[in-house]
Structures are given as C-alpha cells and as structure tokens.
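Numbering (the numbering used here), first residue to last: -15 to 162. For every residue, glycine included, the Cβ atom is placed at its ideal position computed from N, Cα and C.
Structural data, given as structure tokens:
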C-alpha cells in the first residue's frame, strides 16, 4: 500500500512539474508615466491636470487597461480647512480626444474618490482612494495604442472652511497602462 501511495504521489508530482515547465511566463508590459504632484485647486471647482501620453501593448485599449496609482507623501491641508473626515475629492480619469472643435468629447475612463483623514504623522490629507468603473463592460477609449490621459479633480468644500485655495501637492500620482 505504501508503494502505491508513493507511485501516485510521484506521478502527480511529475504532472505538476511538467505542466509548470510548459506554462509561458509573461513579462510585465505595463507602461508608467513619471510621478506628478497635483496643481493648485479651488474647492468645488473642477481642475484638469496636464495630459500625459502612454503606449499600450494592445491596440484599442479600453477602460480596464488604464488607471492611476496614488502615493502617500508628506502633505497637510492648510489652515482654514475644517478637519472633517467626511470630506472627499472626486478624481475623474479622462482620455483626451483630438479636439473639441472636431466634435470629439474626451472619454471618461473611471472615477476615483479620495477620502480625507489624518495620517500617522497627524497630517490632514487624502489617505485612501476607491475606484469606480463607469461602465458595465470595458469600453474602448482610443483606436490605436497611444492614449493621452489626464485627471480632473474636484475637492469638496465643507461648511466652515475659511479658504477655498488648496496648495500644490494634494495628490502624488502616476498613470499606468497595460
């Protein structure tokens, strides 16, 4: 009985090793932009960041093959902003089309929500993000493999804020594409 178990285990091990040897390993084909600090904002006003160009490994990339990585950094909302944990920022990832004059409208890719809280150093800033897909199925955002991405940001104003001006650097981010 012991030799039977050993034989079965040896056969299973051989099958697993053979199947692993036959699997093609894919390299990471992601393209990333540089890192950026966000521009100055005014609360409750949409502000678009500069457009960045990336190239996909696929032709006709869709909404599921692009995104934004947000990174933690040393930032504190200036005095004049109520430290309210219900404050959010809406960050829309967009794909720039040729020209509005030609009747083209930029594609909405997805929407991120940034949630304000205190970080470990006591800074009041965005500490977490969520991504919401805008479509039930992935939508093509560009024909070809090159996309022009930008984000449009709206930071919520809270009653009691004594300023509307958000200084440079609220967001530290970079774009990615598969």
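Three-way DSSP call (helix, strand, coil) for residue i in this model
| i | result |
| --- | --- |
| residue 98 | strand |
| residue 74 | strand |
| residue 29 | coil |
| residue 48 | helix |
| residue 236 | No answer is possible for residue 236: the residues shown for the chain start at -15 and end at 162. |
| residue 54 | strand |
| residue 164 | Residue 164 falls outside the range modelled here, since the chain spans only -15 to 162, and no answer is possible. |
| residue 59 | coil |
Cβ neighbour criterion (16 or more within 10 Å) applied to residue i
| i | result |
| --- | --- |
| residue 105 | exposed |
| residue 161 | buried |
| residue 98 | buried |
| residue 19 | exposed |
| residue 150 | buried |
Residue i - containing beta strand (DSSP E), residue span
| i | result |
| --- | --- |
| residue 38 | 36 to 39 |
| residue 161 | 156 to 161 |
Within the chosen definition, does the segment 113 to 122 reach the segment 23 to 31 through at least 3 CB pairs nearer than 8 Å?
Touching, no.
For the segment 102 to 151, list the alpha helix (DSSP H) runs that are entirely contained and at least 4 residues long, ordered along the chain.
The qualifying runs do not exist here; there are none.
Could you tell me whether the segment 54 to 67 touches the segment 39 to 46, where touching means 3 or more Cβ pairs closer than 8 Å?
With the cut-off at 8 Å, the segment 54 to 67 and the segment 39 to 46 do not touch.
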